[in-house]
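A short worksheet on the structure shown next.
Protein chains: 2
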Amino acid sequence: MKNVFPVLAWLPKYNSKFLMSDFVAGLTVGLTAIPQAIAYATVAGLLPQYGLYSAFMGCFVYIIFGTCKDITVGPTAITALMVQSHVSGSPDYAVLCCFLSGCIILCLGLLNLGVLVRFISIPVTTGFTMAAAITIASGQINNLFGIRSTSNEFIASWYNFFTHFNETRTNDAALGITTLIILLMMRKVKDLKCGRYKMFTKYISLSRNALAVLVGILLCYLLRNDDRLPFKVSGEISPGLPAFEWPPFSTTVNGTIIPFKTMVSNLGASLISIPLISILESVAIAKAFSKGRLVDATQEMIALGVSNIMGGFVSSMPITGSFTRTAINNSSGVKTPLGGAVTGTLVLMALAFLTKTFYYIPKATLAAIIIGAMIFMVEYDRVAEIWRSKKIDFIPFLVTVLACLFWSLEYGIVAGILANMTFILYKSARPIIIISKEEINCVQVGIVEVMETLCYSSAEYLKYQIMHFTSSQAEGNEIKLIILKIQDNSSIDSSVALNILSLEKDLSMLECRLICWNWNVCAAGVIYRLHSKGNQLLKYGKSYIKLIDDLKLSPSFITCDIEGSLN
Amino acid sequence: MKNVFPVLAWLPKYNSKFLMSDFVAGLTVGLTAIPQAIAYATVAGLLPQYGLYSAFMGCFVYIIFGTCKDITVGPTAITALMVQSHVSGSPDYAVLCCFLSGCIILCLGLLNLGVLVRFISIPVTTGFTMAAAITIASGQINNLFGIRSTSNEFIASWYNFFTHFNETRTNDAALGITTLIILLMMRKVKDLKCGRYKMFTKYISLSRNALAVLVGILLCYLLRNDDRLPFKVSGEISPGLPAFEWPPFSTTVNGTIIPFKTMVSNLGASLISIPLISILESVAIAKAFSKGRLVDATQEMIALGVSNIMGGFVSSMPITGSFTRTAINNSSGVKTPLGGAVTGTLVLMALAFLTKTFYYIPKATLAAIIIGAMIFMVEYDRVAEIWRSKKIDFIPFLVTVLACLFWSLEYGIVAGILANMTFILYKSARPIIIISKEEINCVQVGIVEVMETLCYSSAEYLKYQIMHFTSSQAEGNEIKLIILKIQDNSSIDSSVALNILSLEKDLSMLECRLICWNWNVCAAGVIYRLHSKGNQLLKYGKSYIKLIDDLKLSPSFITCDIEGSLN
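Sequence order for the protein chains is A and B. Oh and the first sequence: position 89 is 89 in the UniProt record's numbering, straight run, nothing missing. Oh and the second sequence: position 400 is 400 in the UniProt record's numbering, straight run, nothing missing.
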């Protein structure tokens, strides 16, 4: 029970000292969560309230199912971007996507299939994050300058920016750029050595997004002239809490009813990529903040899955662990997952009482917050590390970045994963095989050592290498025996076994014997079961000399004193 | 030059003794090639003459480029079936497919990418052949009984057979079934021990298809009643040789001109699967008949590519090495590839003079020939071998068979390949890691040996295994040092290196050191370049004791006499 509901483990031990810490941390996170939620709704192309709808359920659910005190589950820039291409019809797509992603994540968690994300290597992850950050930031560049734009895509956004640059609105541009610069500076404030003001500057730095929004709202409200506002704003936010109801299993676009099946097929590949990316983000964050403790990835996936499923009931878009807010939570000194309750309540209160105020949030402020976050989402150090440590790993990185930027985020990561998988497949087709030649008892022997597991893709390679070695010997110096050694513990498959049997036949035409030397029972069994004469191939022993005697390969009339005892 | 044009190597040494052997073999192959060509045109859903158009160019081209004396290039049942779904619009699709397949095969050959077929394992090949044979035979079951049918697919054919069984035409059914039984018996005739008639029965057996066609034609001609024929026939064959002209880069279907681009996109995945299957068949045959000689797969692919390209100029459908006819060629005692010239000339003469006669070939005879060939194309022994040797290899086999039968041949083989690749990927994610615990100089040491190459998919697995091992130790018995050993010759990628660095951090929280012990320069370099403190991780030496002393891990006040010298 305590494994599935970790809350049962820590809640009974809860004491009043934790309460204050959790309250302050929850509040700080909440002050970031609200502006980010509204901003990420813009990224997803949804009305601002959907961001707030997404920002509370995860906090509450994670208290019950979560294992890591720091993690904050909510809308993130990447999931917002990934859902964006589907919501043009109706926001119901985002909500359904949230619910279904939750179901998929939960299933993957229960089936322990979270290990699938291990096939997303660090170069691919880094490339994906970089491309997503660039795409998201590019999508906001027009809003930052008050230029009208309809697209959030990388190329379209910059094309729009340069072709419509003369439509820049001075007010918006000034506010946007100033906010961005101040945000970037405030991020650095907490690193300053200010002695006694350290706590103060730290919390100022942590709640900088809320401050930016507050300043934006104030400016917008105070500088308004009759009903004309000085800045472009996000528009009305419908007040009140979302209804708790079933996710939309059908929707209406332009008067046409779209059934469940069509909605699912429209969501398509996103129903695989969004859950996988969500798992990847959430588990990676859990690991980053686990400090040497083992992360229970299955439980994290259950928490994330239930969060998304419950989110589907309150009109949420897909949610996952947010790196920014988790870091804020951690540095604000949170003690237990209960901090999430404060964050969630704050979001709910904002929805209940502050929606009128949020009307005045300038778009340029939101753009500055988003761009400010994206600049630090790119892992520059990581890119340098990949380049330094192994140049070839730059290929999957570049494939991912370019395919994500110029094709689409979903297919980009798939392209990166596939590009990287070719490394594994290539390696499997080219195992390390060491072939050496020895003269034992006047018999030329080829000793073949396979250093890795053989599988069907390497079967012909092995055969080719041995045939090439055997047939390339000079005349009068022919190899009479090939001794094939494989690793302990490693088995072979039927393709390898069949190739070895056909290799034996081919070698016999060159009057050369093939012996599988000291194979473990698992690999030997495959050969043995395949062929009634299989046991002629399999030999065990300690000395090659005895083997050669047994095989009667040594010419008996020549006396040799060469000793070739090997282990 | 002799590598690219092997003809230059053997033609100067040609002598009159070879001539007779080559002539007899070429004639025997031709007598099989003609009925098979007409039959496989039916399988492809093309008019009979297209089969003959496909059957001569490969023979001539292979003389110049081929390396293996036995191989006969021409239409085969599988390529016919694979092209069948595209020709309903126009036979031009088959011809264009032939030309483009040739270009692709040639490119793959020149780029040495023929190794790609190594990823098609024996279980997948066996399953594909089996499914193709079943599909082709099923497609002919209606013709065998004289039932009208429009489909060649597995389910549709049998559905049509059972629902229209009452439409069976007695004449056709009698001819078809009798022919089939006689063909199967004649196949066995050559195994009989007839002493002096051995040569005679051998050639009767080898030319049984031609005899069956001859008997069918005679029966059909003699039993005709005015203009009513006793059997269903294939229909008119337009007489004369095909024009030598550019392949059809556009075509007209129902009065609409279809441009090149649309034709290519209609051919779609077939432009990948047909070349790959052609290479697979052709190279596999070359290997089967090479008798211990190394097969120059690149040259075989060049020969096959040029054959298909030239075939595109004479209205051929895709062609590849035919196992049946190659076997006949071999057992007829062919000496050089020149035998192909006789076969090719025979086909040309049939086209020039015999088309009127071919009008009388009963469909039931062709169906019997096809079904008779398909029964022996299924490798029953192979299936048994796979089952015996390794049960798990039955999964890709079954996936291939079922997907090919119930989905489509192209996607079926892809599904099988992907199912089998999961084995490689799973293996790469779960390398063999041996962790043992030793007490050296009173220090608890964990010795981790990785038996296979580490790559990104196994990076987290390694980390998890070590963390799990370290944190699961009883109190007072904590591991103070983890010694990580990898294989000689094997390198690591940046994901593994980054995971090892993060593992070191996590271990340091448990007050445990991590040492990469005696790593080769290639793998060590990745760690070293990544981290300025990387060389603290990397240690070299012969004795663990010295390492523990150097690291100052041993409590100096305890005197230990445990020696732990290891290589």
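Glycine is no exception: its CB is placed at the ideal position from the N, C-alpha and C atoms.
Residue of the options minimising C-alpha distance to residue i
| i | options | result |
| --- | --- | --- |
| Arg228/A | Leu108/A, Pro362/A, Pro239/A and Thr135/A | Pro362/A |
| Ser332/B | Tyr456/B, Gln444/B, Ala429/B and Ser207/B | Ser207/B |
| Lys2/A | Thr67/A, Lys261/A and Ile34/A | Thr67/A |
| Ile71/A | Pro337/A, Tyr528/A and Ala132/A | Pro337/A |
| Met310/A | Gly58/A, Tyr50/A, Ser16/A and Val43/A | Gly58/A |
| Val61/B | Tyr540/B, Ser149/B and Phe313/B | Phe313/B |
| Leu354/A | His164/A, Ala132/A and Leu241/A | Leu241/A |
| Pro75/B | Ser316/B, Ser495/B, Met130/B and Ser238/B | Ser316/B |
| Val24/B | Lys232/B, Tyr203/B, Arg187/B and Met377/B | Tyr203/B |
| Ser238/B | Lys437/B, Ala419/B and Phe358/B | Phe358/B |
| Cys404/A | Leu27/A, Tyr14/A, Ala33/A and Leu81/A | Leu81/A |
| Gly268/B | Leu96/B, Ala173/B, Asp550/B and Thr453/B | Leu96/B |
| Val383/B | Ile277/B, Lys17/B and Met130/B | Met130/B |
| Leu304/B | Ile277/B, Phe289/B, Ala327/B and Ser290/B | Ile277/B |
Residue i at chain B interface by Cβ criterion, 8 Å
| i | result |
| --- | --- |
| Glu385/A | yes |
| Asn420/A | yes |
| Glu460/A | yes |
| His468/A | yes |
| Leu338/A | no |
8 Å Cβ cutoff, residue i in contact with chain A
| i | result |
| --- | --- |
| Ile424/B | yes |
| Ser307/B | no |
| Met130/B | no |
| Lys291/B | yes |
| Pro6/B | no |
Contacts that residue i makes with chain A (C-beta to C-beta distance below 9 Å)
| i | result |
| --- | --- |
| Asn489/B | Ile432, Ile434 and Met451 |
Chain B residues whose Cβ lies nearer than 8 Å to that of residue i
| i | result |
| --- | --- |
| Ser278/A | Simply none; closest approach about 18 Å. |
| Ser428/A | Ile424, Lys427 and Ser428 |
| Ala415/A | By Cβ distance, chain B contributes nothing, its closest Cβ being about 16 Å from Ala415/A, past 8 Å. |
Delimiting residues of the beta strand (DSSP E) encompassing residue i
| i | result |
| --- | --- |
| Lys437/B | Ile433 to Ile440 |
| Leu514/A | Arg513 to Trp517 |
| Gln444/B | Val443 to Val450 |
| Val253/A | Thr251 to Val253 |
| Lys485/B | Leu481 to Lys485 |
Interface residues of chain B facing residue i [CB-CB closer than 7 Å]
| i | result |
| --- | --- |
| Cys68/A | Within 7 Å Cβ-Cβ: nothing; Cys68/A doesn't reach chain B, min ~14 Å. |
Under 7 Å from the C-beta of residue i: neighbouring residues of chain A
| i | result |
| --- | --- |
| Asp493/B | Lys390 and Asp393 |
| Ser457/B | Arg118, Phe119 and Ile424 |
| Ala497/B | Ser389 |
Start and end residues, alpha helix (DSSP H) containing residue i
| i | result |
| --- | --- |
| Leu267/A | Phe260 to Leu267 |
| Leu280/A | Ser270 to Ala288 |
| Phe18/B | Ser16 to Ala44 |
| Leu501/B | Ser494 to Met509 |
| Pro48/B | Pro48 to Phe65 |
| Tyr544/A | Tyr544 to Asp550 |
| Lys226/A | The amino acid at residue 226/A is misidentified as Lys; the sequence shows Asp. Unbroken run through Asp226/A: none, as it is neither H nor E. |
| Leu206/B | Lys198 to Leu206 |
| Phe99/B | Asp92 to Leu110 |
Requested in this report: Below 8 Å between beta carbons is the criterion; list the residues of the region 105–126 of chain A that meet it against any residue of chain B, in chain order.
Outcome: Val115, Arg118, Phe119, Ser121, Ile122 and Pro123
Query raised in the report: Using a beta-carbon distance cut-off of less than 8 Å, what residues from the region 513–545 of chain A approach chain B?
Result: Val526, Ile527, Arg529 and Leu530
Query raised in the report: Which of the residues in the region 471–482 of chain B, read from start to end, lie with their CB under 7 Å from any CB of chain A?
Result: Ser471
Query raised in the report: At a Cβ cut of 8 Å, what residues of the region 354–371 of chain A count as close to chain B, listed as they run along the chain?
Result: none
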